[in-house]
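Here the protein sequences come in this chain order: A and B.
Residue numbers for the first sequence follow numbering that gives the first Met the number 0, so the first one is 0 and each next one is one higher.
Residue numbers for the second sequence follow numbering that gives the first Met the number 0, so the first one is 0 and each next one is one higher.
Below you'll find the structure, written out as structure tokens, and then a few comments.
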Amino acid sequence: MTDRALERVFREASARIIGVLAARYRDLDLAEDAFADACAKAVATWADGAPPDDPAAWLYRIAERRLLDELRRRRVRSRLVPDAPLPMPDPEALMLDEARVIPDERLRLIFVCCHPAIAVEARAALTLRLVCGLSLGEIARAFLVSESALAQRLVRAKRKIAEAGIAFEVPEPEAWAERLDAVLASVEIAYAKAHEDAAGTGPHAGFASEMLALTRVLAELMPKEADVLALAALIRFAEARRPARVDAAGLMVPLSDQDPAHWSRVLIDEAERYFEAARVLGRDGVRLLHAAIHRAWCRRRSLAEPPPWADILGLYDRLLVHRDDAVIRLNRIVALAEVEGLGKALASLEALEATALADYLPYHALRADLLRRLGRAKDARDSYDRALALEPNDAERRWLDARLAEVSPGLRLVAKRS
Amino acid sequence: MKYMLSVYANEKAEAAAMSEQDLKDLVGKHRELARDLGKALVVGHGLKDVTTATTVRTRSGKQTVHDGPFAETKEQLGGFYIVDVPDLDAAIAIAKRVPHYKDGSIEIRPLLGGE
């Protein structure tokens, strides 16, 4: 097994196994350590041979055994009288064990991670760590904090869960609203990581399917929560377009150039059902409007139909009423350029608070694009350079390189060859 | 699990604003809560106001006695409940039912060894 395949197995198994162990033994740290031990053993054991048919079941078995060993050790330390060793399982029990399905305790795990008694800034991080299996480094980068600060935050949060007696239960429906927002925000952050990676080959490739599954579970459990349904719809609309987001040469394809024939009808249909259910509940919230923007795109049936820029612009205007932030304004300008012209868009862009967006790649990419289309080649080149310096992913980089070549006459030939 | 629910409120503001009837009503609500809690309530009490507080400080082995609370805060400890419930959510649910005259805070802390 390659390192990357291993990593994916671990990541996919992590939430289920930690969830089950933590729910059963009421100790997150113990569950997490046991799972880490099982992963270490898997690395050593699977290196020379083939991995087992069901790697997750294997990891689960080893992790639970480790956890029980540790519990026994602790009991011995505190009582000084060892328990009788566990009986060796007989072959029949082992076979049953092999077939044992890992129960899905992820929802419990999510609600524990997002308990209001846990510091706000720790909730999403804890969810991403335990439910989505992200590494400390990845989470630290997502939240722009140092790894050591994040590690401390997580230790404090886990200690609080253990010491304050936070229940390992899905709360009563009355308590959901309070806890839901933190849960959904965590899912959004995790999905955004997956969505950034258009080609779906990076370390977060597994997340997208994880988030599809997670939102399905959430929607099943909370069919009357508009925000849950809207998020389930949004993720599906966005994910449906994945097959068309990168072309054969590995270049990013802008939304308006994507061929709707390549979008996943199955996901779009699913998304429509969630969207309709959310809309019936009747609140014009931020999540529903975000979903509506994705939906406007997904309703396009072919490249022959004009892109729905006017609808998009109208939706962004409504969104700004609920949440006015620089990123939403930036996205609105993308639509504005198509509806009201490049000059007006550039003026709006330049009116934005540039300091907040100084390190935000889409800001520079949009600016470069507007300048390029306005024929201001030199200014466009500067902006493409700024964008390229902000670590775009592969598909984005290739696309930016190609656009840069268009405004750099001497480079055009080179770009065509590569 | 056992938790202590410490009840805080701005004593001065309340003393100025509350009528005798208000005070009676508040005490009545506390009694009602205590009755509802039944066996979940280990013990609970209101405290006389903070001007009655005396603090004994130990510093480098030396002990001194002071008039007043250990710290000046905007809201003062005015009473406590010790409850025995399954988990934090249950304790939070009780804390939400603790009556206040107007504003107040309840600090919930597990008792050491109270599992």
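Cβ coordinates follow ideal geometry from the N, Cα and C atoms, glycine included.
Contact list for residue i against chain B, beta-carbon separation under 9 Å
i: Ala-170(A); result: At residue 170(A) the sequence reads Pro, which differs from the Ala that was named. Simply Asp-88.
i: Ala-21(A); result: Residues of chain B passing the Cβ test: none, with the nearest at roughly 14 Å.
Check: residue i C-beta below 6 Å from any heavy atom of the ligand SAH
i: Leu-335(A); result: Questions concerning the ligand SAH fall outside what the structure shown contains, since it holds no ligand whatsoever.
Short CB-CB distance (under 7 Å) between residue i and chain B
i: Ala-139(A); result: no
i: Ala-116(A); result: yes
i: Glu-120(A); result: no
i: Ala-414(A); result: In this predicted model, Ala-414(A) has a pLDDT of only 44, less than 50, meaning its place in the structure is not dependable enough to derive any value.
i: Ser-417(A); result: Confidence at Ser-417(A) is low in this model, with a pLDDT of 38, below 50, so the placement of that residue should be treated as unreliable; the coordinate-derived value is given next. Taking Cβ atoms only, chain B never reaches closer than 7 Å to Ser-417(A), which makes this a no.
Proximity winner among the options, relative to residue i (alpha-carbon distances)
i: Gly-43(B); options: Ile-107(B), Leu-4(B), Gly-67(B), Phe-69(B); result: Leu-4(B)
i: Ala-161(A); options: Asp-86(B), Ala-94(B), Ile-93(B); result: Asp-86(B)
i: Leu-5(A); options: Phe-110(A), Tyr-273(A), Ala-43(A), Tyr-362(A); result: Ala-43(A)
i: Val-49(B); options: Asp-35(B), Ala-94(B), His-65(B), Lys-61(B); result: His-65(B)
i: Asp-393(A); options: Ala-334(A), Leu-318(A), Ala-33(A), Gly-249(A); result: Gly-249(A)
i: Arg-421(A); options: Ile-138(A), Gly-284(A), Ala-218(A), Pro-361(A); result: Nothing can be reported for residue 421(A), as the shown portion of chain A is limited to 0 through 417.
i: Ala-94(B); options: Lys-101(B), Val-84(B), Tyr-100(B), Ile-105(B); result: Ile-105(B)
i: Leu-329(A); options: Ala-225(A), Arg-72(A), Ala-357(A); result: Ala-357(A)
i: Leu-369(A); options: Leu-341(A), Ala-376(A), Cys-38(A); result: Leu-341(A)
i: Asp-283(A); options: Asp-268(A), Val-320(A), Trp-308(A); result: Val-320(A)
i: Leu-287(A); options: Leu-67(A), Ile-332(A), Val-169(A), Val-227(A); result: Val-227(A)
i: Asp-196(A); options: Pro-172(A), Pro-391(A), Ala-404(A); result: Pro-391(A)
i: Asp-384(A); options: Pro-307(A), Ala-404(A), Glu-168(A), Pro-51(A); result: Ala-404(A)
i: Glu-395(A); options: Ala-14(A), Val-245(A), Ala-49(A), Pro-115(A); result: Val-245(A)
i: Arg-178(A); options: Arg-240(A), Pro-115(A), Arg-152(A); result: Pro-115(A)
i: Thr-1(A); options: Lys-159(A), Gly-48(A), Asp-323(A), Thr-126(A); result: Gly-48(A)
i: Gly-374(A); options: Tyr-359(A), Arg-402(A), Ser-147(A); result: Arg-402(A)
i: Arg-322(A); options: His-289(A), Val-8(A), Glu-352(A), Leu-351(A); result: His-289(A)
C-beta contact flag for residue i and residue j at 7 Å
i: Val-41(B); j: Ile-91(B); result: no
i: Leu-399(A); j: Leu-387(A); result: yes
i: Glu-304(A); j: Leu-266(A); result: no
i: Glu-104(A); j: Ala-22(A); result: yes
i: Phe-69(B); j: Thr-54(B); result: yes
i: Leu-129(A); j: Ile-311(A); result: no
i: Leu-233(A); j: His-194(A); result: no
i: Leu-20(A); j: Ala-30(A); result: yes
i: Ala-379(A); j: Ala-364(A); result: no
i: Ser-259(A); j: Ser-301(A); result: Contrary to the premise, residue 259(A) reads as Pro rather than Ser in this sequence. Closer than 7 Å, so yes.
i: Gly-136(A); j: Arg-10(A); result: no
i: Ala-423(A); j: Ala-229(A); result: Examination of residue 423(A) is not possible in this model, given that chain A is present from 0 through 417 alone.
i: Asp-83(B); j: Lys-1(B); result: yes
i: Gly-77(B); j: Ala-8(B); result: yes
i: Asp-28(A); j: Lys-157(A); result: yes
i: Val-182(A); j: Ile-109(A); result: yes
i: Ile-61(A); j: Ala-46(A); result: no
i: Glu-13(B); j: Tyr-100(B); result: yes
i: Phe-167(A); j: Arg-73(A); result: no
i: Tyr-315(A); j: Arg-331(A); result: yes
i: Ala-334(A); j: Leu-351(A); result: no
Contacts of residue i in chain A (Cβ-Cβ under 9 Å)
i: Pro-85(B); result: Gly-164, Ala-166
i: Pro-109(B); result: Glu-162, Ala-163, Gly-164
Any C-beta of chain A under 7 Å from that of residue i
i: Met-0(B); result: yes
i: Ser-104(B); result: no
Residue-level contact to chain D via CB, residue i, 7 Å cutoff
i: Ile-160(A); result: Looking at the structure shown, chain D is missing, and the protein chains on hand are A and B.
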